[in-house]
Amino acid sequence: MDYVKNTWYVAGWSSEFNDELRRVTVIEENIVMFRNSSAQVIAMEDRCPHRMLPLSKGKLIGDDIQCGYHGMTFNCEGKCVRIPGQSNVPRSARVTTYAIHEVNNIVWIWMGDPERANINDVFTMPEFNDPDWHAHQGEALHLKAHYMNVAENLVDPAHVSFVHPTTLGNASSENVPVEVSTAGDEIVAWRWIRDSPPIGFFKNFGTFTGNVDRWHYYYLHLPCTAVIDFGSADTSLALGEEERDRGFRIFALHFITPVNADYSIDRWMHLRNTAVGDEGVSKKMDEMFKVAFNEDKEILEAIQLEENRPQRRRPIRIAIDKGPTVYRKRIRELVEAEAVNDLGDPIDSTFVHHS
Ligand code: FES
Ligand SMILES: [Fe+2]
2 MDYVKNTWYV
12 AGWSSEFNDE
22 LRRVTVIEEN
32 IVMFRNSSAQ
42 VIAMEDRCPH
52 RMLPLSKGKL
62 IGDDIQCGYH
72 GMTFNCEGKC
82 VRIPGQSNVP
92 RSARVTTYAI
102 HEVNNIVWIW
112 MGDPERANIN
122 DVFTMPEFND
132 PDWHAHQGEA
142 LHLKAHYMNV
152 AENLVDPAHV
162 SFVHPTTLGN
172 ASSENVPVEV
182 STAGDEIVAW
192 RWIRDSPPIG
202 FFKNFGTFTG
212 NVDRWHYYYL
222 HLPCTAVIDF
232 GSADTSLALG
242 EEERDRGFRI
252 FALHFITPVN
262 ADYSIDRWMH
272 LRNTAVGDEG
282 VSKKMDEMFK
292 VAFNEDKEIL
302 EAIQLEENRP
312 QRRRPIRIAI
322 DKGPTVYRKR
332 IRELVEAEAV
342 NDLGDPIDST
352 FVHHS
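For the sequence shown, our numbering begins at 2 and goes up steadily by one.
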């Protein structure tokens, strides 16, 4: 299985959790989640240790989950607190719990070794708490596609000219080469398209009258978070590469949750430095994003169907593939390192000599 385990994944937006039991699947693990009476989000293995009925089919009694089959009841720590018809509760009567961290109205879940869960590793960016920026949560895009194919699409500025010709791209970017940096922890792919007509998105939301300089920076944080910094400014401003805040700037964020080998959820949202507080603008932007992301969905699901069929030859690689190639390599290394760690302490290799 090619999932990184020691990482935080997005389990949902904060608004998705309330006092109802909800099943969530992350990297093929089924989890039951709810918000308890202290407003904390709780996550546990969605399987009763008795006959394996999913606990999400039971019900909440206060902050405890009562199994829907024989009523065994588990508290927020996963400990069994009641077995109807008997007074002793064996120690094995427990379910695994998961660490949760909720920040920026996003609920993150730690899928790896509990000892290694560190909330300082949860993705955030300063614009979430900056009054000059507006944060708006969009929706969850369900894709019948492997998460690595989804992620690779999010470090790939070249596709917008062809996949999103009416919203995020246009023909003037077709032949502009993509630059890539793999020097840091995140993989960055970007390009500038100077002195060309605005794309559909900025025709709708900008006040541009003539040509613009447009940028697209894709930051992929391993394993599953993508930040797409895109924007435009009047060409007359002659914007420097590090002056993007002077233009109309948007961060489109994508949080990918791998569900299983051919199914992923992409929760998308944006941060913008314009129309702060204007939810009407947020809604209209969502409509455009939805058009664009459904275009990605169509592509990615069609690719998945082909990948699942017998292969005659390896896919070829072209110049724009550097970001995706490095991404896959890094994921492979992380997964392999975890597999080795899972084997436990190395075997003592001291030789014993017999005479
Ligand atoms: S299956 Fe849960 S109590 Fe029996
Ligand atoms: Fe796209």
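For every residue, glycine included, the Cβ atom is placed at its ideal position computed from N, Cα and C.
Rounded to the nearest angstrom, what separates residue i and residue j at their Cα positions?
i: Phe202; j: Ala146; result: 26 Å
i: Ala184; j: Val327; result: 11 Å
i: Leu169; j: Ser162; result: 8 Å
i: Arg333; j: Asp3; result: 7 Å
i: Ser81; j: Glu116; result: Checking the displayed sequence, the identity of residue 81 turns out to be Cys instead of Ser. Straight-line Cα distance between these residues: approximately 22 Å.
i: Val1; j: Leu22; result: Because the chain spans 2 through 356 in this model, residue 1 falls outside it and cannot be assessed.
i: Gly211; j: Glu103; result: 43 Å
i: Asp131; j: Glu280; result: 17 Å
i: Pro368; j: Ile32; result: Examination of residue 368 is not possible in this model, given that the chain is present from 2 through 356 alone.
i: Met126; j: Asp114; result: 25 Å
i: Val164; j: Leu306; result: 18 Å
i: Val181; j: Pro158; result: 10 Å
i: Ser57; j: Ala44; result: 11 Å
i: Ile107; j: Thr275; result: 22 Å
i: Leu301; j: Ile28; result: 19 Å
i: Arg192; j: Val177; result: 7 Å
i: Leu272; j: Phe290; result: 13 Å
Go to residue i, then tell me how far its beta strand (DSSP E) extends in each direction, as first and last residue.
i: Val104; result: 101-104
i: Arg52; result: Here Arg52 belongs to no beta strand (DSSP E), and DSSP marks it neither H nor E.
i: Thr208; result: Careful: Thr208 lies outside any beta strand (DSSP E) and carries neither H nor E.
i: Gly13; result: 9-14
i: Val336; result: Per DSSP, Val336 belongs to no beta strand (DSSP E); it is in the alpha helix (DSSP H), 323-342.
i: Arg83; result: 81-83
i: Val108; result: 107-111
Just grab the DSSP bridge partners of residue i for me.
i: Pro259; result: Ser265
i: Ile32; result: Val25, Glu46
i: Tyr218; result: Trp191, Asp230
i: Ser182; result: Val189
i: Lys60; result: Gln67
i: Val213; result: Ser197, Asp235
i: Gln41; result: None; Gln41 has no bridge partner.
Under DSSP, the alpha helix (DSSP H) around residue i begins and ends at which residues?
i: Ser162; result: 161-164
i: Tyr148; result: 148-154
i: Ala293; result: 280-308
i: Leu144; result: Here Leu144 belongs to no alpha helix (DSSP H); instead the beta strand (DSSP E) covers 135-144.
- Task: Mind the definition here: the segment 148-156 touches the segment 224-239 only if three or more C-beta pairs lie below 8 Å; say whether that holds.
- Result: yes
- Message: For the segment 44-54 against the segment 66-80, do three or more pairs of beta-carbon atoms, one drawn from each stretch, fall closer than 8 Å, so that the two count as touching?
- Response: yes
- Query: Any contact of the segment 215-225 with the segment 171-187, i.e. 3+ C-beta pairs under 8 Å?
  - Reply: Yes, since at least three Cβ pairs between the segment 215-225 and the segment 171-187 fall closer than 8 Å, the two stretches touch.
- Task: Check each residue's C-beta against every heavy atom of ligand 1 and list, in chain order, those closer than 5 Å.
- Result: Contact residues of ligand 1 (beta-carbon closer than 5 Å to any heavy atom; chain order) are Cys49, His51, Arg52, Leu54, Cys68, Tyr70, His71, Met73.
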